[in-house]
Amino acid sequence: MMASVPGIIHRPSPNFGPRADNRAPDMLLLHYTGMRTAQEALARLCDPAAQVSAHYLIDEDGSLYKLVEDDRRAWHAGVAHWEGDPDVNSRSIGIELVNPGHEFGYRPFPEPQIKRLIALAHDLLARYPIAPWHILGHSDVAPARKTDPGELFPWARLAEEGIGLFPYVADEAAHSLSDPMDAPCHETITELTDLLSGFGYGLPQKNQNSPGLEDIIRAAQRHWTPKTVTGVVNAPLLAILRALCAIKAAAPSA
Numbered sequence: 020m021m022a023s024v025p026g027i028i029h030r031p032s033p034n035f036g037p038r039a040d041n042r043a044p045d046m047l048l049l050h051y052t053g054m055r056t057a058q059e060a061l062a063r064l065c066d067p068a069a070q071v072s073a074h075y076l077i078d079e080d081g082s083l084y085k086l087v088e089d090d091r092r093a094w095h096a097g098v099a100h101w102e103g104d105p106d107v108n109s110r111s112i113g114i115e116l117v118n119p120g121h122e123f124g125y126r127p128f129p130e131p132q133i134k135r136l137i138a139l140a141h142d143l144l145a146r147y148p149i150a151p152w153h154i155l156g157h158s159d160v161a162p163a164r165k166t167d168p169g170e171l172f173p174w175a176r177l178a179e180e181g182i183g184l185f186p187y188v189a190d191e192a193a194h195s196l197s198d199p200m201d202a203p204c205h206e207t208i209t210e211l212t213d214l215l216s217g218f219g220y221g222l223p224q225k226n227q228n229s230p231g232l233e234d235i236i237r238a239a240q241r242h243w244t245p246k247t248v249t250g251v252v253n254a255p256l257l258a259i260l261r262a263l264c265a266i267k268a269a270a271p272s273a
């Protein structure tokens, strides 16, 4: 089904397949392209040899490209995991945001790009059963491999627009944003892993390719406490995870 946002530029990619069990998308996954230009990114996303794609791409000037139909399984998440589900591609719509990323000069996302993303997201949320806690970044579902959309992405701004979650936690509950926990106790680590898995993050497995706990903490911090991306658990992260899990548990569809 085609998004109804005006001004879409059609640039079909051959890199897609059927969604497993004809699943309707229930997740919105945000990426940055991590390439020098939009033209390079579009070429790669539409190259059959690359075997990678997304449903949409938004340039920094707000130009919106449609690459794969929503009901198809675009190849954007790769090896990923959320809520115990390893087939993130079958349940998600992928949106690429043109940004050179950490390798080529990571920079803030321009206002025209974010405005177009907000409009597109509202259109998709009106048509698909995407819960607020299912609006995530690539690094959330692939923490050992990915850092996008990164710590400069304006998650709080999207939440203000009704897209996703970004709970406010009072300073007295979370302490300062520079409050690390040196050598956290066993009880703290146990609570942390319970909260991470309760919200949806995958936890370390015996498989050597599985993300380590530090990778997962760092990914969560990129999203929820972007001023302190250390890989070390801190009070703000615990407070925000408690709030996120409470919101998810209280929702009728959770």
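According to my numbering, the sequence shown is numbered sequentially starting from 20.
By construction, the Cβ of each residue, glycine as well, lies at the ideal position given by its N, Cα and C atoms.
| Item | Value |
| --- | --- |
| Whether or not the region 181-189 and the region 66-78 are in contact is what I'm after, with contact meaning three or more pairs of Cβ atoms, one per stretch, closer than 8 Å; do they touch? | no |
| Mapping DSSP to helix, strand and coil, what is N34? | coil |
| Among R38, A60, D40, C264, which has the Cα closest to the Cα of F123? | A60 |
| Give the list of continuous beta strand (DSSP E) stretches no shorter than 3 residues that lie fully inside the region 220-245. | none |
| Out of curiosity, what's the CA-to-CA distance linking D89 and P105? | 19 Å |
| Report yes if the C-beta distance between A140 and I182 is below 8 Å; otherwise report no. | yes |
| Can you give the Cα-Cα distance for G231 and G103, rounded to whole angstroms? | 16 Å |
| In chain order, what residues of the same chain lie with their CB nearer than 6 Å to the CB of L211, ignoring the 5 residues before and after it? | V252 |
| In three-state DSSP terms, what is L144? | helix |
| Identify the continuous alpha helix (DSSP H) that holds L274 and give its terminal residues. | One cannot answer for residue 274 here, as it falls past the ends of the chain, which runs 20 to 273. |
| On the three-state DSSP scale, how would you describe D104? | strand |
| Thinking C-alpha only, which one of H74, R135, G97 is nearest I112? | H74 |
| Using only the alpha-carbon positions, how far apart do K85 and T52 sit? | 15 Å |
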